[in-house]
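Peer 1: Protein chains in written order, with this note's numbering: chain H, 14 to 289; chain X, 209 to 482; chain B, 2 to 400. No residue lacks a Cβ here, since even glycine has one placed at the ideal position from N, Cα and C. Sharing a structure, written as structure tokens. Questions coming.
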Amino acid sequence: MTVTAPPAVSRRRRRTDRRPPVFLALPALAGLAFLTLPLAGLLLRTPWGQLPARLTAPGVLDALRLSLLTATAATVLCLLLGVPLAWLLARTRFPGRSLIRALVTVPLVLPPVVGGVALLLVYGRRGLVGGWLDSAFGVTLPFTTTAVVLAEAFVAMPFLIIAVEGALRGADPRYEEAAATLGASRWTTFRRVTLPMVGPGIAAGSVLCWARALGEFGATITFAGNFPGRTQTMPLAVYLALEQDLDAAIVLSLLLLTVSVVILAGLRDRWVGGLR
Amino acid sequence: MRRRVDSLTLVAATALLAAGCATSTSTSTGTGTGTGSVSDGARDGAVAGVTGPLTVLAAASLTDAFTRIGADFEAANPGVSVTFSFAGSSQLAQQITAGAPADVFAAASPATMATVVSAGEAAGEPAVFARNQLVIAVPDGNPAGVTGLADLTRSGVKVALCAEQVPCGAAARTALDAAGSDLVPVTFERDVRAALSKVRLGEVDAAVVYRTDAAVAADEVDAVEFAESAQAINDYPIVTLAAAANPPAGEAFVGYVRSAAGQAVLTAAGFQSP
Amino acid sequence: MTIRRRADPDPVPDPGPAAALDAYLVVRRAGFTLDLRLTVAAGEVVALLGPNGAGKTTALRALAGLQPLHAGHLRLGDRTLDQPEAGVLVAPEHRPIGVVFQDYLLFPHLTALDNVAFGPRSHGVPRRVAREAAAGWLDRVGLTGHARRRPRELSGGQAQRVALARALAVRPQLLLLDEPLAALDARTRAETRAHLRQHLAAHTGVAVLVSHDPLDAMMLADRLVIVEDGRLVQSGDAATVTARPRSDYVARLVGLNLYRGSGDGVTVTLPGGFRLVAAEPQRGDVFVAFPPSAVALYRQRPDGSPRNSWPATVSSVARNGDRLRVELAGPLPVGADVTAAAAAHLDLRRGERVWATLKATEVAGYPADPDRTILGGSQASDGNSSPGGNPGEHRGRDA
Numbered sequence: 014m015t016v017t018a019p020p021a022v023s024r025r026r027r028r029t030d031r032r033p034p035v036f037l038a039l040p041a042l043a044g045l046a047f048l049t050l051p052l053a054g055l056l057l058r059t060p061w062g063q064l065p066a067r068l069t070a071p072g073v074l075d076a077l078r079l080s081l082l083t084a085t086a087a088t089v090l091c092l093l094l095g096v097p098l099a100w101l102l103a104r105t106r107f108p109g110r111s112l113i114r115a116l117v118t119v120p121l122v123l124p125p126v127v128g129g130v131a132l133l134l135v136y137g138r139r140g141l142v143g144g145w146l147d148s149a150f151g152v153t154l155p156f157t158t159t160a161v162v163l164a165e166a167f168v169a170m171p172f173l174i175i176a177v178e179g180a181l182r183g184a185d186p187r188y189e190e191a192a193a194t195l196g197a198s199r200w201t202t203f204r205r206v207t208l209p210m211v212g213p214g215i216a217a218g219s220v221l222c223w224a225r226a227l228g229e230f231g232a233t234i235t236f237a238g239n240f241p242g243r244t245q246t247m248p249l250a251v252y253l254a255l256e257q258d259l260d261a262a263i264v265l266s267l268l269l270l271t272v273s274v275v276i277l278a279g280l281r282d283r284w285v286g287g288l289r
Numbered sequence: 209m210r211r212r213v214d215s216l217t218l219v220a221a222t223a224l225l226a227a228g229c230a231t232s233t234s235t236s237t238g239t240g241t242g243t244g245s246v247s248d249g250a251r252d253g254a255v256a257g258v259t260g261p262l263t264v265l266a267a268a269s270l271t272d273a274f275t276r277i278g279a280d281f282e283a284a285n286p287g288v289s290v291t292f293s294f295a296g297s298s299q300l301a302q303q304i305t306a307g308a309p310a311d312v313f314a315a316a317s318p319a320t321m322a323t324v325v326s327a328g329e330a331a332g333e334p335a336v337f338a339r340n341q342l343v344i345a346v347p348d349g350n351p352a353g354v355t356g357l358a359d360l361t362r363s364g365v366k367v368a369l370c371a372e373q374v375p376c377g378a379a380a381r382t383a384l385d386a387a388g389s390d391l392v393p394v395t396f397e398r399d400v401r402a403a404l405s406k407v408r409l410g411e412v413d414a415a416v417v418y419r420t421d422a423a424v425a426a427d428e429v430d431a432v433e434f435a436e437s438a439q440a441i442n443d444y445p446i447v448t449l450a451a452a453a454n455p456p457a458g459e460a461f462v463g464y465v466r467s468a469a470g471q472a473v474l475t476a477a478g479f480q481s482p
Numbered sequence: 002m003t004i005r006r007r008a009d010p011d012p013v014p015d016p017g018p019a020a021a022l023d024a025y026l027v028v029r030r031a032g033f034t035l036d037l038r039l040t041v042a043a044g045e046v047v048a049l050l051g052p053n054g055a056g057k058t059t060a061l062r063a064l065a066g067l068q069p070l071h072a073g074h075l076r077l078g079d080r081t082l083d084q085p086e087a088g089v090l091v092a093p094e095h096r097p098i099g100v101v102f103q104d105y106l107l108f109p110h111l112t113a114l115d116n117v118a119f120g121p122r123s124h125g126v127p128r129r130v131a132r133e134a135a136a137g138w139l140d141r142v143g144l145t146g147h148a149r150r151r152p153r154e155l156s157g158g159q160a161q162r163v164a165l166a167r168a169l170a171v172r173p174q175l176l177l178l179d180e181p182l183a184a185l186d187a188r189t190r191a192e193t194r195a196h197l198r199q200h201l202a203a204h205t206g207v208a209v210l211v212s213h214d215p216l217d218a219m220m221l222a223d224r225l226v227i228v229e230d231g232r233l234v235q236s237g238d239a240a241t242v243t244a245r246p247r248s249d250y251v252a253r254l255v256g257l258n259l260y261r262g263s264g265d266g267v268t269v270t271l272p273g274g275f276r277l278v279a280a281e282p283q284r285g286d287v288f289v290a291f292p293p294s295a296v297a298l299y300r301q302r303p304d305g306s307p308r309n310s311w312p313a314t315v316s317s318v319a320r321n322g323d324r325l326r327v328e329l330a331g332p333l334p335v336g337a338d339v340t341a342a343a344a345a346h347l348d349l350r351r352g353e354r355v356w357a358t359l360k361a362t363e364v365a366g367y368p369a370d371p372d373r374t375i376l377g378g379s380q381a382s383d384g385n386s387s388p389g390g391n392p393g394e395h396r397g398r399d400a
């Protein structure tokens, strides 16, 4: 007895997953292209053959090491100062709060070079604070690695504050009440309840902060100057390389890009989990 | 300064000569000698038929002198409006080779001009119109008591130099090498004006800059001459660009810069004649 | 008493001899004032019962220290926790309290064990010791094995128990529970209620719980305190309160029709002039109450003995179990319970005119004097039988 084959089934499958709508997908793709094409431009122009020689040129790894170090130190500084400030803005009420919040975002709109000049006027040898530091302790800040950290922290802190303030506002203050009723002091509550609950927000803000600090140029070169190994971060090295040698500049940029992308991509999934 | 005489330049020069002849024959005061030489006939700088916008890219150290010259040129040639872009010469050279629209380029070193010429962006042969010598700029009153290069290496003295990638820095390096100095600055600034501003703000005790820059900030800064600067005098070349949108105006401007009127301004600013 | 399943070091120090609560809570808000006297003996469980917005949660927050008093005082034992006039205000973290919140508020980033250990640890107990104690408490609430779970992995009933264990782990002198069963479904609720009852019985300190559900309140508490509009309206054990409701709220809760009027012999005159004939003579300011089932409806005015009868208009008809609740408008607005058959026979519809009758023997009256009620328990001179028999019949159907 022959077994008849089942009739041919129509090829068309039911679409069970919803595709993104065209009016969103198209602009999104355009945005992606806008952001990634310059990277593609860099990659295409990279002198791949010269890469080993250029990467081991003197000063290159110094600049990279300095950049990573100062960006991390700046982020730590931003966390120490910025998280409490964000808490103050999110959880307390005081007169002039909205003004303070606006002032905190000033570094965002200030051209970085102007920021560097402002830092000089305050922390420079003849500055408001710097003058006192110099005469009282013999400490000068400009042209030091510390100055790099300060310049980077100045431009990057608003990112952290905004992210953390947002996270704190979203967190339910009733958990803090619950902690108080269980006998936790305000410090214990902050440490064991508030901070862990806004952890993802802090992490996201830190990532933004670190990335911004890493790329900072204007404030750094104006306030800290430029000296290989001490204040010449990668962006400064790239800028100066550009004066003479486009290829060198491209290689340095690529190095900075690669290192940052690896770190940021690695971080986002494990610790940040998106800007939730 | 390297001189590259090749067929292209020859052709360009001929064309310019012809154009120059054409314009100068139509002027009332022009002597029709073209743009290759100083035209002392155009004393007030007026060149007939020159109008429209003119874009000049010039080295940072030319800021004050060229602004003055530009104003004078506009006064002599109503109808022309001059726009300047001042920055480090190397940066400007980069922009030109990348296609930035401009009519004239005035560089602070022959090396930076050479990059423009070798990229084929120069319309003609660059001419040296000024020379600049280095001085040590110190804050008003010379608090560190600097008298020469030797004082710069004293402990506790903070010195700013231009980065070696820019002309001012290269010249400083030449001078320092000539003096056998082992000076280590606290910073290599990105252009000569940035180095000067560090002195003005009192952040450094001295900076090696051009005499012209120290003159510009004369009220806040003193200039200390040093012998070795004679070893590293920078020639400043100027040229009209091949992609100029307004070649006649460009030529006229170059001519004006090289004329007595222009030279007077430059000398007053502290430049030396070519 | 609870059975200790494992060696229990009991790290949180014993609070000492059990303390009683003496409070006069005054909190002023826009449009609302809480003015509540509350006295609770050690070991007693009191339920604050009342409609939404009555101020129960405000009172609880004031007891916890999350809401400062504007006047009055709050004393626990010989310790003053809040006294505005003397400038004394003890922060929540320094009060010997434990709170079970309505949404439990278990810390989402900590395991159940660490949640329960949080209190002891905040009191300075080392982590390992606190965790052992926490494990003991989890055993006691029947959640052995759930120690490592995060709050989001727990069911509603389990979370409630963890919240209870967390509050009890600090050995509070004052245990506060805010709608502890509100977030649970019916079946879990019954189970958890029984469980909670056990623990409250075992608790040696003062316990105050807030509820809008009278059944929860009656089952868990020794004494009910009815709060309405920020004021204490009635206080007493469940039986008394439901037998002699002193407010519309409680009456509705227990399903009675309640009115207040002026008694002169067996006739009670209500505001508006209507006269009700009650079972026993009354004097002065009195409450009168009768169950909906005591109201009979007729098409025409009936003959016979009912001393109370009046014409009424049907304003609504609704299902009420296997009966129908008919709301009547007229000289005396009442709720009447009728069987479905009777309703059909009468053709009861909105707007229909009917006659309502009420036997005097079913109308209970008792003095409105508030002092009598706060003493709780004994209603000395009413001596009236509770209307319609066992108060249990009239437990709130529409809470």
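List the residues of chain H whose Cβ lies closer than 9 Å to the Cβ of B:V100, in chain order.
Peer 2: Counted from its first residue, the third sequence places residue 100 of chain B at position 99. Ordered by position in chain H, the residues that pass the 9 Å Cβ test against B:V100 are E190, A191, T194, L195.
Peer 1: Taking only three categories from DSSP, how would you classify H:A297?
Peer 2: Because residue 297 of chain H is not part of the residues shown, which for chain H are 14 to 289, the question remains open.
Peer 1: Label B:G305 either buried or exposed according to how many other C-beta atoms from any shown protein chain fall within 10 Å of its C-beta, with 16 as the threshold for buried.
Peer 2: Start at 1 with the first residue of the third sequence, and residue 305 of chain B comes out as number 304. B:G305 comes out exposed.
Peer 1: Can you check which of these residues, B:G322, B:E328, B:R324, B:R308, is closest to B:S316 by C-alpha distance?
Peer 2: Position 315 of the third sequence, counted from the start, is the residue given in the question as residue 316 of chain B. Selected option, being the one with the closest Cα: B:E328.
Peer 1: Between the segment 215–234 of chain H and the segment 80–90 of chain H, are three or more C-beta pairs nearer than 8 Å?
Peer 2: Touching, yes.
Peer 1: Would you tell me roughly how many angstroms separate the C-alpha atoms of X:V255 and X:L369, rounded to the nearest one?
Peer 2: As a working mapping, residue 255 of chain X is identified with position 47 in the second sequence. As a working mapping, residue 369 of chain X is identified with position 161 in the second sequence. For X:V255 and X:L369, the distance between alpha carbons rounds to 41 Å.
Peer 1: Whose Cβ in chain H lies nearer than 7 Å to the Cβ of B:L67?
Peer 2: One-based indexing of the third sequence puts residue 67 of chain B at position 66. By Cβ distance, chain H contributes E190.
Peer 1: Please report whether the beta-carbon of B:R96 lies at a distance below 9 Å from any beta-carbon of chain H.
Peer 2: Start at 1 with the first residue of the third sequence, and residue 96 of chain B comes out as number 95. Cβ-Cβ to chain H under 9 Å: yes for B:R96.
Peer 1: Using a threshold of 9 Å, state whether the C-beta atoms of H:T235 and H:P125 are closer than that.
Peer 2: For the purposes of this step, residue 235 of chain H is taken as residue 222 along the first sequence, with counting starting at 1. For the purposes of this step, residue 125 of chain H is taken as residue 112 along the first sequence, with counting starting at 1. Cβ distance < 9 Å, so H:T235 and H:P125 count as in contact.
Peer 1: What is the DSSP secondary structure of B:A313, reduced to helix, strand or coil?
Peer 2: Locating residue 313 of chain B in the third sequence gives position 312, where the first residue counts as 1. Note: B:A313 maps to strand in three-state DSSP.
Peer 1: For the alpha helix (DSSP H) that contains X:F434, what are its first and last residues?
Peer 2: The residue labelled residue 434 of chain X in the question sits at position 226 within the second sequence. X:F434 -> no alpha helix (DSSP H), and no H or E assigned at all.
Peer 1: Between which two residues does the alpha helix (DSSP H) carrying B:L165 extend?
Peer 2: Sequence index remark: in the third sequence, residue 165 of chain B carries index 164 (1-based). Per DSSP, B:L165 belongs to the alpha helix (DSSP H) from 157–169.
Peer 1: List the residues of chain H that B:H124 touches, going by C-beta distances under 7 Å, in chain order.
Peer 2: Your numbering for residue 124 of chain B matches position 123 in the third sequence. Going along chain H in sequence order, the residues near B:H124 (Cβ under 7 Å) are G196.
Peer 1: Between which two residues does the beta strand (DSSP E) carrying B:V27 extend?
Peer 2: The residue you call residue 27 of chain B lines up with position 26 of the third sequence. Looking at the DSSP string, the run of the beta strand (DSSP E) that includes B:V27 is 22–30.
Peer 1: Residue ranges of each alpha helix (DSSP H) run of no fewer than 4 residues wholly in the segment 242–324 of chain X, ordered along the chain?
Peer 2: Runs found: 271–284, 297–305.
Peer 1: Where does the unbroken alpha helix (DSSP H) through X:Y464 begin, and where does it stop?
Peer 2: Here residue 464 of chain X refers to the residue found at position 256 of the second sequence. Segment 455–466, the alpha helix (DSSP H) holding X:Y464.
Peer 1: With a cut-off of 9 Å, does the C-beta of B:H110 fall near any C-beta of chain H?
Peer 2: For the purposes of this step, residue 110 of chain B is taken as residue 109 along the third sequence, with counting starting at 1. Judged by the 9 Å Cβ criterion, B:H110 is in contact with chain H.
Peer 1: For a test of the three-state rule: what should DSSP assign to X:I446, helix, strand or coil?
Peer 2: In the second sequence, the residue the question calls residue 446 of chain X occupies position 238. Reduced to three states, the DSSP call for X:I446 is strand.
Peer 1: For the alpha helix (DSSP H) holding H:F10, just list the boundary residues, first then last.
Peer 2: No information on residue 10 of chain H is available, as it lies outside the stretch 14 to 289 that chain H covers here.
Peer 1: Express the C-alpha separation of B:D140 and B:F119 in angstroms, rounding to a whole number.
Peer 2: To locate residue 119 of chain B, count along the third sequence from 1; it is residue 118. To locate residue 140 of chain B, count along the third sequence from 1; it is residue 139. Near 17 Å, if we compare the C-alpha coordinates of B:D140 and B:F119.
Peer 1: Checking contacts by CB at 9 Å: is B:L177 closer than that to chain H?
Peer 2: What you label residue 177 of chain B is simply residue 176 of the third sequence in a count that begins at 1. Yes, because at least one Cβ of chain H sits closer than 9 Å to the Cβ of B:L177.
Peer 1: If we count the other Cβ atoms within 10 Å of its Cβ and call it buried at 16 or more, is B:L175 buried or exposed?
Peer 2: What you label residue 175 of chain B is simply residue 174 of the third sequence in a count that begins at 1. By the neighbour-count rule (16 or more Cβ atoms within 10 Å), B:L175 is buried.
Peer 1: Considering only C-alpha positions, which residue in the set B:A42, B:L107, B:L177, B:A184 is nearest to B:E154?
Peer 2: Position 153 of the third sequence, counted from the first residue, corresponds to residue 154 of chain B. Answer by Cα proximity: B:L107.
Peer 1: Step through the CB atoms of chain D and report whether any lies within less than 9 Å of the CB of H:D185.
Peer 2: Protein chains H, X and B are contained in the structure displayed, whereas chain D is not.
Peer 1: Using only CA atoms, which one of X:P482, X:T475, X:V462, X:Q480 lies nearest to X:G332?
Peer 2: As a working note, residue 332 of chain X is residue 124 in the second sequence. Nearest of X:P482, X:T475, X:V462, X:Q480 to X:G332, Cα basis: X:V462.
Peer 1: Could I get the ranges of all uninterrupted alpha helix (DSSP H) runs contained in the segment 128–152 of chain B, with 4 residues as the minimum, in chain order?
Peer 2: List check, alpha helix (DSSP H) in window: 128–141.
Peer 1: With a floor of 3 residues, list each beta strand (DSSP E) that falls wholly inside the segment 319–405 of chain X, ordered by position along the chain.
Peer 2: DSSP runs (the beta strand (DSSP E)) wholly in the segment 319–405 of chain X: 335–340, 342–347, 367–370, 395–397.
Peer 1: Quick one: what's got a C-beta closer than 7 Å to X:A268's C-beta in the same chain, skipping five residues either side?
Peer 2: The residue labelled residue 268 of chain X in the question sits at position 60 within the second sequence. F294, A295, G296, D399, V400, R401.
Peer 1: What does the Cβ neighbour count give for H:W61, buried or exposed, with the cut at 16 atoms within 10 Å?
Peer 2: The sequence position of residue 61 of chain H within the first sequence is 48, counting from 1. So H:W61 counts as exposed.
Peer 1: Which residues in the same chain have their Cβ closer than 6 Å to the Cβ of H:A184, if we skip the five residues on either side of it in sequence?
Peer 2: Sequence index remark: in the first sequence, residue 184 of chain H carries index 171 (1-based). Counting only Cβ-Cβ distances below 6 Å, and skipping sequence neighbours, we find M210, V211.
Peer 1: Report the neighbours of B:G120 on chain H: residues whose CB is nearer than 7 Å to its CB, in chain order.
Peer 2: What you label residue 120 of chain B is simply residue 119 of the third sequence in a count that begins at 1. Those are L195, G196, listed as they occur along chain H.
Peer 1: Using the Cα positions of B:Q103 and B:D223, report the straight-line distance between them to the nearest angstrom.
Peer 2: Indexing the third sequence from 1 puts residue 103 of chain B at position 102. Indexing the third sequence from 1 puts residue 223 of chain B at position 222. Rounded to the nearest angstrom, the two C-alpha atoms are 21 Å apart.
Peer 1: If you measure from the beta carbon of B:A168 to each beta carbon in chain H, is any gap under 9 Å?
Peer 2: Taking the third sequence and counting its residues from 1, the one referred to as residue 168 of chain B is at position 167. Judged by the 9 Å Cβ criterion, B:A168 is in contact with chain H.
Peer 1: Pop quiz: H:A87 and H:A160 are said to be a contact at Cβ under 8 Å. What is the actual Cβ separation, rounded to whole angstroms?
Peer 2: For the purposes of this step, residue 87 of chain H is taken as the residue at position 74 of the first sequence. For the purposes of this step, residue 160 of chain H is taken as the residue at position 147 of the first sequence. Between H:A160 and H:A87 the Cβ distance is about 11 Å, and since that is not below 8 Å, they are no contact.
Peer 1: Run the CB neighbour count on H:T29, radius 10 Å, all protein chains shown included, and call it buried at 16 or more, exposed below.
Peer 2: Counting from 1 along the first sequence, the entry for residue 29 of chain H is found at position 16. H:T29 should be labelled exposed.
Peer 1: Tell me the rounded alpha-carbon separation between H:L98 and B:P93.
Peer 2: By 1-based counting over the first sequence, the position of residue 98 of chain H is 85. By 1-based counting over the third sequence, the position of residue 93 of chain B is 92. Rounded to the nearest angstrom, the two C-alpha atoms are 25 Å apart.
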